[in-house]
Structure formats: structure tokens, C-alpha cells
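S.K.: Counting from 43, one number per residue, gives the positions in the sequence shown under our numbering. One structure, pasted below without further comment.
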Amino acid sequence: MKFSEFKKLSAKFKTIPVYKRVLADLLTPISAFMKLAKNNEYAFILESVEGGEQYARYSFIGRDPKRIIKSEKNQTFIKSNGEWGVVHEDFLPYVRNLHKSYQSPKLDNLPSFTGGLVGYLGYESITWIEDIPIYETDELETPDAVFMLFEELIAFDHLKNQIILFSNVQIKDELNLEESYESALQKIDKMGEALHADIDYQTPEVMGGSTSESNFSPQDFEKAVLAAQEHIKSGDIFQLVLSQRFKRKTDADPQTIYRALRIINPSPYMFHLKLSDIDVIGASPELLVKVEDKEIEIRPIAGTRKRGKTSKEDQQLADDLLSDEKERAEHLMLVDLGRNDVG
């Protein structure tokens, strides 16, 4: 981005993404993430594989967030300039206001995400929106939500085989535009230097296995199913999702776990959030909700079948799924529920 474009955009927008493109032929998103996250408590990588075999256009990596917002025990905590503090404001309003203050232009040939908030909302956060009781026991003792604010970001453009380095400048009164622009370029160069750092690519040997433990016994799970059926018959609820949580001990580091997961389960939504003493790792085929250009998109998925050993068997299983009345009815129900949520 040239200074003339930066100056022109600064008259209309609160945040301007200064950027630079470099070749990506010697790097992968994983190797870049390992280099950038190595000495950072907070970092993330977002990847996407379409159709189980081809990368979507962009992968995103961030480190060293400008600010961290956390909700824990009904309090909102902020980390800025290396120090944690308490904010006397509810989590969601604070995040909404912060997001509004970082509105940036949508530029041609750039991803729609050029910096901003990355994080998670836990299941218990539904109590901020709906009047339902809070589960009293906090078994995991993890925050209800954590978001990181990134002003510096790296995007892999898989179509052009390039890396786009972003450094966002927040426009304020009496800001020296030229100095801010040059400072952003210096930060971009520093990110570029970090991509040339050496890392240990060695993959650990196969580790000793351990047994996964569920938080349900088979008998207790069956009782929960029967109880759910009674609630449905009584009209208390019309749908309930019973789930189990499995846990196991491992000596594998989180990055190795993510590397293994993305190989065995390439998915449209793959992520590793590094959050100090917590790592959130996953690979999912399903979009929960997407908001872009004032449009809300949902894409519910219902029904599963195992993968076939051949393409022909895959197609047979897909046809079986499409002709299953129960699966189709469940899918339509989820679409209706999603539409009602949006409406």
C-alpha cells in the first residue's frame, strides 16, 4: 500500500490495514505459525480445506495481540500493555463497542479479514442472551469467553502463492499520518524477519497411548436419554442434544496435536488458538453463523455416514443419506431453527 492510498482512506475509515505482499513458495501456514507462535503466549492459525482435498484461498495467522478480553466468573478482564485489569462492563457490549472502533475498508484483491478479534465463546455464554439457569459446577475452570485483538496479521494467499503482511493503523485526532504509516511498515518488516527464523521441525515419535475417559457412564447416558424423551413428551422441550466430554492424558504438545488433526481430518474450518495456559484446537465441516456486508449466513448440517473405501461407495452412502426420511426431517428442522434464530 502506498502512502497516498493510506492518506485517502484515513479520511473515511477508523482503521487502515497497511500491507505488503511477499512470495510464499518457501513457507507453509504451519511452518509460519510455528515460527511466529514460538515465543508468544497468545497466537492463532485459521485454515480451510474445501472438499477435503483443496485449500481455500486464505489461511490466517496472528501473534502478539494488542489486547486480550476475557470473561471469567461473571467479570470482564482486559490485558493491555502486559497488564491485566478489570472492566466494569459486561463482556458482549464491551466487545461490540471495541469492534465498532476498528471498522476498516474492504479493499480489492485482499481478504475480508485483515485484522481484528479472534477468539471463542463458551457454551455458558448463552446465559448472557437467554434467561436460563447457569450450571453451578465449573468442571473445566476455563473462561466463558476469550477474544484477542490483532493489529498485525499474516494471510497466506494460496491462489497467488503469496503472503500478505498486515499492520493496522487506528486513525485518531491529531495523528501524524506519515509517521504512523512508516511505523506500520517497520512492523511489517519485523514480521517478515520472524518468518525467516529457524524452528525445530522434528515430529515426536509415536507416544504411548492412554485410555480416554467419558464424563458419562453408559448407564447414566441411557438414563439421560430417557429423561430427555419424557421432557419432549411433556412439552418442556422439542429438541435436546446429549453430548459427552472425553478426556485423556498426553505428552504431545498442542502444535503437534493440531498438525495431526489437520492431516487426518482436513476440514473447511480448522483452528488452533493459543491462549496462554489453554489451547483450543479443532477441525469442523460446519459453519455456525457468518455475518458479512450486513448479511447473515447459516449452514446447518445433519446426518452422517462413514466414508467409503472407493468413490463409488462414497456415492452410494451419499445417496442413502439423501433418501433417509429421518435424516432429511432432522436437517429441515435444523434449517427452521436456524432461520428462527436469525429472524
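Cβ atoms here follow ideal geometry from the backbone N, Cα and C, with glycine treated the same way.
Could you compute how far the alpha carbon of G350 sits from the alpha carbon of F155?
M.R.: Taking the sequence shown and counting its residues from 1, one reaches residue 350 at position 308. Taking the sequence shown and counting its residues from 1, one reaches residue 155 at position 113. Rounded to the nearest angstrom, the two C-alpha atoms are 36 Å apart.
S.K.: Can you give me the start and stop residues for the beta strand (DSSP E) that S225 sits inside?
M.R.: The residue you call residue 225 lines up with position 183 of the sequence shown. Unbroken run through S225 is the alpha helix (DSSP H), L219 to A236; no beta strand (DSSP E).
S.K.: If you measure between the beta carbons of G158 and F208, is that distance less than 7 Å?
M.R.: Numbered from 1 along the sequence shown, position 116 holds the residue referred to as residue 158. Numbered from 1 along the sequence shown, position 166 holds the residue referred to as residue 208. Not a contact, by the Cβ cut-off of 7 Å.
S.K.: Rounded to whole angstroms, what is the Cα-Cα separation between P342 and L379?
M.R.: Walking along the sequence shown from the start, residue 342 turns up at place 300. Walking along the sequence shown from the start, residue 379 turns up at place 337. Whole-angstrom Cα-Cα distance: 9 Å.
S.K.: How would you call N139, buried or exposed, if buried means at least 16 neighbouring beta carbons within 10 angstroms?
M.R.: Translated into positions along the sequence shown, residue 139 becomes position 97. By the neighbour-count rule (16 or more Cβ atoms within 10 Å), N139 is not buried but exposed.
S.K.: DSSP beta-bridge partners for F155?
M.R.: For the purposes of this step, residue 155 is taken as the residue at position 113 of the sequence shown. DSSP output for F155 lists no bridge partner at all.
S.K.: Output the distance between the C-alpha atoms of A79 and V267, rounded to the nearest integer angstrom.
M.R.: On the sequence shown, residue 79 is found 37 positions in, with the first residue counted as 1. On the sequence shown, residue 267 is found 225 positions in, with the first residue counted as 1. The alpha-carbon atoms of A79 and V267 are separated by roughly 43 Å.
S.K.: Strictly by DSSP, which residues pair up with Y100?
M.R.: For the purposes of this step, residue 100 is taken as the residue at position 58 of the sequence shown. Looking at the DSSP assignment, Y100 forms a beta bridge with D199.
S.K.: By Cβ distance, which residues of its chain are closer than 8 Å to Q286, with the 5 residues on each side in sequence left out?
M.R.: By one-based count along the sequence shown, residue 286 stands at place 244. So the qualifying residues of the chain are S256, N257, F258 and F263.
S.K.: Check whether the Cβ atoms of G164 and D132 lie closer than 7 Å to each other.
M.R.: What you label residue 164 is simply residue 122 of the sequence shown in a count that begins at 1. What you label residue 132 is simply residue 90 of the sequence shown in a count that begins at 1. Not a contact, by the Cβ cut-off of 7 Å.
S.K.: For the putative contact between Y223 and F45, defined by C-beta atoms under 8 Å, what is the C-beta separation to the nearest angstrom?
M.R.: Within the sequence shown, numbered from 1, the residue matching residue 223 stands at position 181. Within the sequence shown, numbered from 1, the residue matching residue 45 stands at position 3. Confirmed, about 5 Å.
S.K.: What does a CB cutoff of less than 6 Å around L315 pick up in its chain, not counting 5 residues either side in sequence?
M.R.: Taking the first residue of the sequence shown as position 1, residue 315 is located at position 273. Excluding residues within five positions, the ones whose Cβ falls inside 6 Å are F86 and V322.
S.K.: Among T253, P153 and P147, which one has its Cα closest to the Cα of F288?
M.R.: Here residue 288 is taken as the residue at index 246 of the sequence shown, counted from 1. The option with the nearest alpha carbon to F288 is T253.
S.K.: Please tell me whether G127 has its Cβ less than 7 Å away from any Cβ of chain B.
M.R.: Within the model displayed, chain B is absent; a lone protein chain is all it includes.
S.K.: Kindly confirm or deny that the region 332–341 and the region 354–371 touch, where touching means at least three C-beta pairs closer than 8 Å.
M.R.: With a cut-off of 8 Å, the region 354–371 and the region 332–341 do not count as touching, because too few Cβ pairs lie within range.
S.K.: Put I120 into one of helix, strand or coil per three-state DSSP.
M.R.: As a position in the sequence shown, residue 120 is number 78, starting the count at 1. Looking at I120 - three-state DSSP - the assignment turns out to be strand.
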